[in-house]
Structure formats: structure tokens, C-alpha cells
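**Student:** Following the numbering used here, the numbering of the sequence shown begins with 57 at its first residue and continues without gaps. Please read through the structure below; I'll follow up with questions.
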Amino acid sequence: MAQNELLLPREHGAYAEIAFPILTGVALGTPSFAALSFGVSAVALFLMHEPVAVLRGIRGTRAREVWIHRARQRAAWLAVTAVLAGAAAMVASSAEARLAAVVPLGCGAVLLPSFLAGRMKTIAAETLVIGALSATVLPLAISSGVEWSLAWSASGVWFVTFLVGTLAVHAIKAKTGKRVGTKWAIVLTPLLSAVTVVLGLLAAKSHWLPLGFSLALSLAGMVGMALSVIRIHPRQLKRVGWTLVLSNTIAWVLLITA
């Protein structure tokens, strides 16, 4: 069945950005009912993006006409799932976990106007998406018995990792000379990547973070620098995407074994 029939999000990179933080949140500690409920709610909200985009006409008039009934049904079921799972998580979790849930929800609330306006491809909107998805670690990890500081560190590592990857993709598109991508990403990507490597090394040397967290940061920076140096055509972006998924998998292993 075609992806548009399933009404799944088209932004393939976003699947990694929702999956790895959730897997990190539950793997860092001992998963609880509250943690799993937070995860279900987060996935339901994530999957709501496509049917709501169809209903809003963001995918075009034709798509809305063809899929409007399925989109309404899918959006309704996902909304109910998100609310019920979220409510169960809030009831079953600690006050700290409930407070942590405000972070991804807050990012989502700030992002909502951009989504409704169909302006999700800007760097600002994509950064908010990264903030919301990487912050899903917080309530899941804290509900799994992880210390607040460690949960925030894991969320920060994923935020930087995803931001570097996103900027690298924008830079690759911008290098074609066409009106795609964001031109300043060509300069910002290697700079941010270099800073990330240095921060990772300093964190390892000074024990600011667990060693695995420091190595994951440095890995993100090195991948970003490599993508900045190697000449890559936009037609190879699928390969770049799988490269980022591979590096994210390594980062996840480093985080949960730290």
C-alpha cells in the first residue's frame, strides 16, 4: 500500500528523530507504565501530522479531496489515543515527569502556527521539531527512574545530533546553486560540527558527561564535518539519510551503555 494511502509522515528523517529519543528514554532506566504511556502518546501525536496536513490542504487540493474521509478518521483515532495515553501517563507519573512533559509539549505549541501555515521547511520550524522530538526523552527517562540531569543530557545530545544532521542536509541542497536549501547552512554546518566535536572531547576530559554521551556528541560533530567536506549531490540524499541513521544508532548504543 502506498505511503499516502497509509497517511504516514513523508519526512523520513523524522522517524529517526522520534524513535531514538523514545528508545533512549526507556532504555536508560526501567520502563514503567507511565513511560510507555508517554511513548504511545508521543508516537500518536507524531503520526497525526500527515492526516492533519491533508485536512488542512497542505498536501494539495487533490490529496484533500481523495483522502479527506480517511484523514478525518485517522486524525480522530490518533487524537483520542494521544489524549488517553497522555492522561494515563500524567496520572501514573511523578511530579518531575509531568513537569518534564511540558518541554516537548511547549515546543509543539510554539510550532503549531508554522504547521498550520504550511511553513514547516524553514530552519526555525525544523529546529522546533527537533526540540520537541529530542525532548521526548525527558518524561520517558524520568518516569523510568533516570535522574533529571542525565535525562536532560540525553535530550541535549539528541538535539545537537539532529540539528547537525538537518543543517548538513540543508547545506548539501544549497550547494547546488539552485533555490533550495539554506545558503548560510553551508558555513554554519562545519562550524557547529567543529564546536560539537570540541565540546564532546572537553566533556570527556572534564567528566561533565558520561563517556558514552561525550563520544556521541563527538560522533555527531565528525559526521557533520564529513558531510560538509565530501561533495554530495542532492540525488544522494537518501544515502546521506541512511548514513545519519547509522550514526544515530551508534550514538544510541553509546548513550544507553554509558
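Note that beta-carbon positions come from the ideal geometry of N, C-alpha and C, so glycine has one too. None of the values given here were measured: they were computed from a predicted structure.
1. Could you pull out every residue in the same chain whose Cβ sits closer than 7 Å to the Cβ of residue 265, ignoring the five residues on either side in sequence?
2. May I ask you to report which of helix, strand or coil DSSP gives residue 104?
3. Please state if the CB of residue 224 and the CB of residue 275 are separated by a distance shorter than 8 Å.
4. Find out if the Cβ-Cβ distance for the pair residue 262, residue 199 is shorter than 8 Å.
5. Would you report the Cα separation of residue 313 and residue 211, rounded to the nearest angstrom?
6. Secondary structure at residue 122, three-state DSSP: helix, strand or coil?
7. Is the separation between the beta-carbon of residue 257 and that of residue 91 shorter than 8 Å?
8. Would the beta-carbon of residue 134 fall within 8 Å of that of residue 104?
9. Let me know the secondary structure DSSP gives residue 58 once reduced to three states.
10. Quick one: give me the first and last residue of the alpha helix (DSSP H) that residue 154 is part of.
11. Roughly how many whole angstroms lie between the Cα atoms of residue 131 and residue 285?
**Tutor:** Per the coordinate set shown:
1. Taking the sequence shown and counting its residues from 1, the one referred to as residue 265 is at position 209. So the qualifying residues of the chain are 209, 259.
2. On the sequence shown, position 48 is the one that residue 104 refers to. Coil, per DSSP.
3. Counting from 1 along the sequence shown, the entry for residue 275 is found at position 219. Counting from 1 along the sequence shown, the entry for residue 224 is found at position 168. No, Cβ-Cβ distance for residue 275 and residue 224 is not below 8 Å.
4. Locating residue 262 in the sequence shown gives position 206, where the first residue counts as 1. Locating residue 199 in the sequence shown gives position 143, where the first residue counts as 1. Contact: no.
5. Here residue 313 is taken as the residue at index 257 of the sequence shown, counted from 1. Here residue 211 is taken as the residue at index 155 of the sequence shown, counted from 1. Going from the Cα of residue 313 to the Cα of residue 211 covers about 16 Å.
6. Against the sequence shown, residue 122 aligns to sequence position 66. Residue state, collapsed to three classes: helix.
7. Translated into the one-based positions of the sequence shown, residue 257 becomes position 201. Translated into the one-based positions of the sequence shown, residue 91 becomes position 35. Not in contact: residue 257 and residue 91 (Cβ atoms no closer than 8 Å).
8. Within the sequence shown, residue 134 is the residue found at index 78, counting from 1. Within the sequence shown, residue 104 is the residue found at index 48, counting from 1. Result yes, Cβ atoms of residue 134 and residue 104 sit closer than 8 Å.
9. Mapped onto the sequence shown, residue 58 falls at position 2. Bear in mind that a pLDDT of 47 at residue 58, under 50, signals an unreliable position, so the model cannot answer this.
10. Working through the sequence shown from its first residue, we reach residue 154 at position 98. Its alpha helix (DSSP H) spans residues 151-172.
11. Locating residue 131 in the sequence shown gives position 75, where the first residue counts as 1. Locating residue 285 in the sequence shown gives position 229, where the first residue counts as 1. Roughly 42 Å between the two C-alpha positions.
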